[in-house]
Amino acid sequence: MLFREKEASSAILPDGRAFDFWERETAWIRELHVAANDPAASDENDGSAAKPFRTINRAAAEAAPGTRVLIHGGLYRECVKPAMGGTDPEHMISYEAFGDGEVTVSASEQVTEFLPSEGWSLHRFDRLNPADDARIWEYDLDPDLFRGYNPFCAINLIHDRLFIEYDKTDMTTYLNRRGCVFCDGKPLDQVALYYQLGMQENAYWVEANGMKVHFRLAGDADPKDHKIEVTVREQCFAPDKPFLSYIRVKGLRFEHAATGAPVPQRGAVSAYRGHHWVIEDCEVNWSNTLAIDVGNECWHHTHTPGEIIGYSVIRNCRIRDAGVCGIAGLYAERMLIEGNVIEGTGWQKMELSWEAGAIKLHNSIDGLIRNNVFRNTFRADHLWLDCGNENNRITGNLFLDGIEQREAIFIECTRDGINLIDHNIIWNVEGRFDPAKIPAEPGSSGWYKLREDDAVNGYGVYGEGTDRLHVCHNLIGKCRHSGYYLKPVSFRMHGMERGGTSRDAKIINNIFYDCGEAAIDFPTRDNTAEGNLYVRMQGGYLRVMYPEPEVCLHLSAWQEFLGFDREGQNGWFDIDLDKATGEAVFRCPEDRPFGFRGEIQRLHMLLDPAAVKQVAADPDLPGETRDKVLPGPYPVWEIQSK
């Protein structure tokens, strides 16, 4: 991101140690070529540049440590299954684009031979469907398309259903088939019953036995005029054997994987419990549920002494339109996730399976998540660290436009060590709630309520039973409820674990901008806030919830009664964010806040961003060498003054 001042300092973890970058230069012993579009290509060849293989799997069967598989431009309709892994950083196996055109590995097959749909009624009982003249087509799925896995026979929900709260959940999408139908590269919507095709264009329906699909295109178009593909494979790149490690995947595009909802975590690209993978410069598009998995896959697996999990790198990838989760990792230690763009995650609306997020890691230790861009995540978190996370740093990221999103960053049930969230931008968290449940507050009744209801959410950073969370130098803006919200979870305990207090948080030198209900919601006074700037915030936007009754304060009272934010500042001006670069322009407002006589002056409200003062630097921030700093992620502000 352009607002990162020192790239080297971003690699220092909360405990002061530098992140362990384990990658080394590999001296390649052998190169194998794959070229699907070369007329001379054959899997009977030797894999040389002059005699390339036709399929990537042919090279994968032969690649040994120190082998680089060079894949020439073309479309490869196969699931690549490496037979071996490397042995160490100097002896990896690499699968990479040669550079002479886009390499696409697809889990779908193109189909033709469509017939008009027959034998099914568009009427629902005695009600007339308004689209009786809809043009609906059918396609008999060829059994030869499938190799032991027919996604049109399998539902999205996999075997671990323990955490589904059925009484709260619309199960329709969970019970949909995993198989998708694509028209010109975009998926059609799946409907549950045939008659719904009369009500919706760009949709498909699967017969009970999973061997025939019926579909309707936009404008009732003829499928012969379009490219129609159906998913036939679960994954695009995944070993059959677990624990293959030291594998690099570089510059490839993957699409249309018919994955099921985690857990287990089985992505379009899967390390399948291996460690020390490098996945870089890749694209993963339209995975039915999960794009990339890099952890232990499932918590039901047995463990061997000394087992290594994680230590992988996901760098400069573009992950688009994953149905449930972009990157998933269970027990993944020392993960480096940097420079990726993850957008459109969550369209399956399966957030109540509790695995939905652009990134979802469990028990992450010593991880570095930096300089990523998250956009348009739908009904899911941009980033979710679930249980037992220690010494992770989340820095230099853009978290943008969470659609129907409860929170942008969720740190759950984390009790040991420190996790640091610094120099990020969190912008526009819509909240996920039922507007009908917001209580009516006629007249002045809302002014005098004794406690806040929890009907509305939408948080920038949300912690649940999490201790020692440090949030420093971020710009957190336009959150429907709060910029920062933590609550204790006393009775969530497993084995030797304890409850979480949500104490000893440090909220330092951030900018909170135009959040709907509050900037900071502390559960208790046993936390720290210092040097923060609060812009376009009104009412009691600084809160301590326990002991009851909670207190809702403005900055002056926050300082007087609780001793917080001695260097805190109030502002009323505008911040224009460039979502492409993360840069911002601070400019004087055209409006003024409402205040009673003398109140604006008494609160020291700054109406010109140029009047904002520097504050004391956080001595605990890794790599910090300055004495004075501006609040927020920018070392220098671009100011448009009067």
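Here our numbering is used: the first residue of the sequence shown is 5, the next is one more, and so on. Every residue gets a Cβ at the ideal spot worked out from N, C-alpha and C, and that includes glycine.
- In this structure, DSSP gives Asn61 a helical state, which the three-state scheme calls helix.
- For Trp281, the CB contacts under 6 Å within the same chain, skipping 5 residues up- and downstream, are Ile251, Ala275 and Ser316 in chain order.
- Rounded to the nearest angstrom, the Cβ distance from Val460 to His477 is 27 Å, too far for a contact under 8 Å.
- By the criterion of a C-beta distance shorter than 7 Å, Phe150 is surrounded in its chain by Val236, once the five residues flanking it on both sides are discounted.
- Unbroken beta strand (DSSP E) runs of no fewer than 3 residues, entirely contained in the segment 329–387, are found at 329–334, 340–342, 345–347, 361–366, 372–374 and 377–379, following chain order.
- In this structure Gly636 touches Leu537 by the C-beta definition: roughly 7 Å separates them, less than 8 Å.
- Per DSSP, the continuous alpha helix (DSSP H) segment holding Tyr178 begins and ends at Thr176 to Leu179.
- In the DSSP secondary-structure assignment, His95 is bridged to Asp92.
- Under the three-state reduction of DSSP output, Arg324 falls in the strand class.
- In the DSSP assignment, Thr235 forms a beta bridge with Ser112.
- Put simply, the backbone Cα of Gly202 is about 6 Å away from that of Ala138.
- Glu29 is not bridged by DSSP to any residue.
- Our two residues, Gly392 and Asp471, have alpha carbons roughly 11 Å apart in a direct line.
- In this structure, Ala362 sits away from Pro266, with a CB-CB distance that is not shorter than 9 Å.
- In the displayed model, Pro191 falls within a strand according to three-state DSSP.
- According to the DSSP assignment, Gln618 belongs to no alpha helix (DSSP H), since it is labelled neither H nor E.
- For Leu334, the closest C-alpha among the options Glu587, Gly350, Glu342 and Trp303 is that of Trp303.
- DSSP lists Cys329 as the beta-bridge partner residues of Leu294.
- In the DSSP assignment, Gln605 falls within the alpha helix (DSSP H) that extends over Glu603 to Arg606.
- Taking the Cβ atoms as the reference, Arg507 lies roughly 14 Å from Asp525, outside the contact range of under 8 Å.
- In this structure, the alpha-carbon of Gly348 lies about 44 Å from that of Phe565.
- Per the Cβ contact rule, the segment 406–418 is not in contact with the segment 567–580 (fewer than 3 Cβ pairs under 8 Å).
- Linking Asp582 to Gly435 through their CA atoms gives a straight-line distance of about 22 Å.
- With contact defined as three or more Cβ pairs closer than 8 Å, the segment 116–131 and the segment 282–300 are not in contact.
- Pairing Ala87 with Ala242, the inter-Cα distance amounts to about 10 Å.
- Straight through space, the alpha carbons of Pro43 and Ser110 are spaced by roughly 21 Å.
- Closest option to Ile425, judged by alpha-carbon separation, among Cys556, Arg324 and Ile512: Ile512.
- Assignment of Tyr198 by DSSP, reduced to helix, strand and coil, places it in the helix class.
- Per DSSP, Leu566 is one residue of the alpha helix (DSSP H) stretching across Leu559 to Leu566.
- According to the DSSP assignment, Asn423 belongs to the beta strand (DSSP E) that extends over Asn423 to Asp426.
- Cβ-Cβ distances below 7 Å link Phe247 to Arg277 and Gly278 in the same chain, with the five nearest sequence neighbours on each side left out; the list follows chain order.
- No Cβ-Cβ contact shorter than 9 Å links Gly89 with Thr30.
- In the displayed model, Tyr638 falls within coil according to three-state DSSP, outside both helix and strand.
- Exposure of Tyr550 is indicated by the presence of fewer than 16 other C-beta atoms within 10 angstroms of its C-beta.
- Bridge partners of Gly520 according to DSSP: none are assigned.
- At a Cβ-Cβ threshold of 9 Å, Ala588 and Tyr545 do not count as neighbours.
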